[in-house]
Each structure stands twice: as structure tokens, then as C-alpha cells.
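Protein sequence lines correspond, in order, to chains A and B.
With this note's numbering applied, the first sequence covers 661 to 777.
With this note's numbering applied, the second sequence covers 168 to 335.
Idealized CB from N, CA, C, for every residue including glycine.
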Amino acid sequence: MARAATTTDAFNAVAEPRRRQILDVLAGGERPVNDLVQELGLAQPQVSKHLRVLREVGAVDVRDEGRQRLYRLNGHALKPIHDWIAPFERSWSERFEALDDVLEELKKEADDDGDDE
Amino acid sequence: MMATTSSGTAKVTLPADDQILITREFNAPRHLVYKAWTTPELVRRWWHAKRGEVTVAEIDLRVGGRWRWVMVTPDGLEVGFHGEYRELVPDERIVSTEVYEGIPVPEGTPETAALNTLTLDETDGRTTLWLLVQHDSKATRDAVIESGMEDGLQDALDLVEELAVSLR
Chain A
661 MARAATTTDA FNAVAEPRRR QILDVLAGGE RPVNDLVQEL GLAQPQVSKH LRVLREVGAV
721 DVRDEGRQRL YRLNGHALKP IHDWIAPFER SWSERFEALD DVLEELKKEA DDDGDDE
Chain B
168 MMATTSSGTA KVTLPADDQI LITREFNAPR HLVYKAWTTP ELVRRWWHAK RGEVTVAEID
228 LRVGGRWRWV MVTPDGLEVG FHGEYRELVP DERIVSTEVY EGIPVPEGTP ETAALNTLTL
288 DETDGRTTLW LLVQHDSKAT RDAVIESGME DGLQDALDLV EELAVSLR
């Protein structure tokens, strides 16, 4: 079957809103397909198609339990995405650490003023 | 007095293709966070992100008033933002436009501004901060995220989505 080259890495796999929704649901824990079908309000074949894409990039793992197929998130495949945003997040973290120091000083000043009154 | 200052790292998520949401908790009441965000002398002391020096912190704190913050890194790189205040609710909320001066604008085209909504919520003397940055496009949003990167995953430019951080 023809497969679009665009679904072969994690970035592309999660570029589709429905697939992000699936990952959101799975972030809460392992789930059978039926749960996903219900939560997304999509037909099962569509959900299965999205799950296949996610499996191909390793973003979800699957295992059989009895008659059910259970899907769960695999954070490793999504690490490149996290890595992409990490420097931006780090700069805000450092900014806010500096802001913490400023706030501590403002709190002290407020306390001192309070004592004077 | 409480000695703790660190309240953890900033959390960055991408709620939509053209948005960035930054959240963080502070061990201080929100009127102080608001003050630190709206007072030039104070902005100079934290906005550098420990990566340089804030050289410009202009704040005309009224609806329609302009702001401009610029920092310079030790190797001379200038990082500047400016914009206009659209809504001000003291101690609670600031809505402003934001233009990142690091993205070159082709001549003749208007500069593209993001719309920033800063929300402060206080519980038991602690403040939760939300900074929602609404960009005009995914491309601009991605450029801003990448602005801090050394080399970057160039192919990733148009492809990234929100789960990045929540799935750590």
C-alpha cells in the first residue's frame, strides 16, 4: 500500500490533529481501541489508520491482552519534538529564576514597609 | 521568612499551531509579579534570562501605550521585542502585542505582531502565571521557538506539535 513519506517521522506523525488527540488520550494511560473510538468520535477504521501511523514512528506501542489490543504511549519517539522546544523552555526557566530573585526582594521590602507602619 | 525561591521550571506547551503557552508558579503574591513585569528597573533585573544584559526596558503602561525590551548577549547579539498594550487589569492581566525584532521583515510588508496574554492567578500567596503567545502563523511561531537554538532541526520547522513537553 502506498504510504506517504510524510508520516515517517515523529514530527509529521503528530502534525495531524486527530493523532495528537490520540496521544493526549494515551498520555492518561494504556487504552483499548474501542476507548479511542469513543473518545474521538471517529469510525474505527480511521482510528486504526492513525494508530498505524503512530506505531510506525514508534510513538505508540501495542500489545494484545485476551481479545483486546491495548495501545500505550512511547515517549521516546517524541523526544525529538521535546528537544526542539527545550532551548526555548530553558531560556524562560532562566528568566523566571531571575524573576524569583526579584520577587524575593520585593517581598522583603513589603515586609519592611509593613514594620514601619 | 521563607527562603525558597525556586518554584520549578517554566513549562512550555504548544496548544495550537500558532500558539505558545508558558506557565510557571511563583512563591510571591501576584501584585508583586505584576509589578516586576511592569516596572522598567525591575524588568532589567530578570528579563535577561541570565544570558546577557537588558539594555532597553521601556514601558508606557496604559492601553495604547508602547513597550520595548532589548537585551544584549555577551557576544553582542541583540534580542529585542516591542509592542503595544491592549488591555491592562492591574495585578491580573496584561494583553499586549509583541513584535520580535529578530525576524527580518521584507521591505514593504507590515511587521507581524503576536498577541500576548499574561494572566496571573493567586492562591495562598503563590502566583500561577500563564503567558499565551498567539502568533500570526505557524511559521512565525516556529521561528520564535527556534530563535534560541544553535543549529536546530531545520526540517522540523513546519512539523511540530503540542505534545513536546507534556509527554516528557
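Let me check understanding here. Comparing Cα to Cα, which of the options lies closest to residue i?
i, options, result
"Ala216 (chain B)", "B:Ile226, B:Gly232, B:Val246 and B:Val230", "B:Val246"
"Ala177 (chain B)", "A:Val707, A:Asp684, A:Ala770 and A:Phe756", "A:Phe756"
"Gln681 (chain A)", "A:Glu754, A:Glu699 and A:Ser753", "A:Glu699"
"Leu296 (chain B)", "B:His302, B:Thr284 and B:Asp303", "B:Thr284"
"Ala281 (chain B)", "B:Ile312, B:Gly275 and B:Thr290", "B:Ile312"
"Asp242 (chain B)", "B:Trp236, B:Val230, B:Glu220 and B:Trp234", "B:Glu220"
"Glu289 (chain B)", "B:Phe193, B:Thr180 and B:Pro182", "B:Phe193"
"Val179 (chain B)", "A:Asp721, A:Glu676, A:His742 and A:His736", "A:His742"
"Phe748 (chain A)", "B:Gly292, B:Ile261, B:Asp309 and B:His302", "B:Asp309"
"Arg218 (chain B)", "A:Ser751, A:Leu683, A:Gly688 and A:Asp772", "A:Ser751"
"Glu725 (chain A)", "A:Leu711, A:Glu690 and A:Asp772", "A:Glu690"
"Thr206 (chain B)", "A:Asp772, A:Leu683, A:Val762 and A:Asp771", "A:Val762"
"Arg712 (chain A)", "A:Leu683, A:His736 and A:Gly688", "A:Leu683"
Going by beta-carbon coordinates alone, are residue i and residue j separated by less than 8 Å?
i, j, result
"Pro740 (chain A)", "Ala670 (chain A)", "yes"
"Arg723 (chain A)", "Leu733 (chain A)", "no"
"Ala719 (chain A)", "Leu738 (chain A)", "yes"
"Leu188 (chain B)", "Leu299 (chain B)", "yes"
"Asp258 (chain B)", "Arg191 (chain B)", "no"
"Leu714 (chain A)", "Arg679 (chain A)", "yes"
"Asp185 (chain B)", "Ser304 (chain B)", "yes"
"Leu766 (chain A)", "Lys202 (chain B)", "yes"
"Thr222 (chain B)", "Val239 (chain B)", "yes"
"Thr276 (chain B)", "Thr307 (chain B)", "no"
"Trp234 (chain B)", "Leu759 (chain A)", "no"
"Arg253 (chain B)", "Val230 (chain B)", "yes"
"Phe248 (chain B)", "Glu265 (chain B)", "yes"
"Gln728 (chain A)", "Pro692 (chain A)", "yes"
"Ala183 (chain B)", "Thr294 (chain B)", "no"
Under the assumption that residue i contacts residue j (Cβ atoms under 8 Å), give the Cβ distance between them as a whole number of angstroms.
i, j, result
"Glu251 (chain B)", "Gly232 (chain B)", "7 Å"
"Val707 (chain A)", "Val697 (chain A)", "5 Å"
"Leu287 (chain B)", "Val200 (chain B)", "6 Å"
Would a check of beta-carbon distances place residue i closer than 8 Å to chain A?
i, result
"Leu199 (chain B)", "yes"
"Arg218 (chain B)", "yes"
"Leu188 (chain B)", "no"
"His215 (chain B)", "yes"
"Leu209 (chain B)", "yes"
"Ile261 (chain B)", "no"
"Phe248 (chain B)", "no"
"Ile226 (chain B)", "no"
"Arg253 (chain B)", "no"
"Arg293 (chain B)", "no"
"Arg235 (chain B)", "no"
"Ala306 (chain B)", "no"
"Ala195 (chain B)", "yes"
"Arg212 (chain B)", "yes"
"Ala281 (chain B)", "no"
"Ala310 (chain B)", "no"
"Ala323 (chain B)", "Unreliable positioning characterises Ala323 (chain B) in this predicted model, as indicated by a pLDDT of 32, which lies under 50. The coordinate reading is nonetheless provided below. Taking Cβ atoms only, chain A reaches closer than 8 Å to Ala323 (chain B), which makes this a yes."
"Arg229 (chain B)", "no"
What in chain C is Cβ-close to residue i, meaning under 7 Å?
i, result
"Ser753 (chain A)", "Here chain C cannot be found, since the structure's protein chains are A and B."
Against chain B, does residue i count as a neighbour if the rule is that its beta carbon must be under 8 Å from one of theirs?
i, result
"Glu749 (chain A)", "yes"
"Ile682 (chain A)", "no"
"Ala799 (chain A)", "Past the edges of chain A, shown from 661 to 777, lies residue 799 (chain A), and the structure says nothing about it."
"Lys709 (chain A)", "no"
"Val762 (chain A)", "yes"
"Leu766 (chain A)", "yes"
"Arg663 (chain A)", "With a pLDDT of 41 at Arg663 (chain A), under the threshold of 50, the predicted position of this residue should be treated as unreliable, though the coordinate-derived value follows. So no, Arg663 (chain A) is outside the interface."
Should residue i be listed as close to the ligand MG, given that the test is whether its C-beta is under 7 Å from any heavy atom?
i, result
"Ser314 (chain B)", "In terms of ligand content, the structure shown is empty, and the ligand MG therefore cannot be addressed."
Beta strand (DSSP E) runs contained entirely in the stretch 201–286 of chain B, provided each spans 3 or more residues = 220–226, 233–239, 245–256 and 260–267
Quick one: complete beta strand (DSSP E) runs, 3+ long, within the stretch 671–756 of chain A?
-> 720–725 and 728–733
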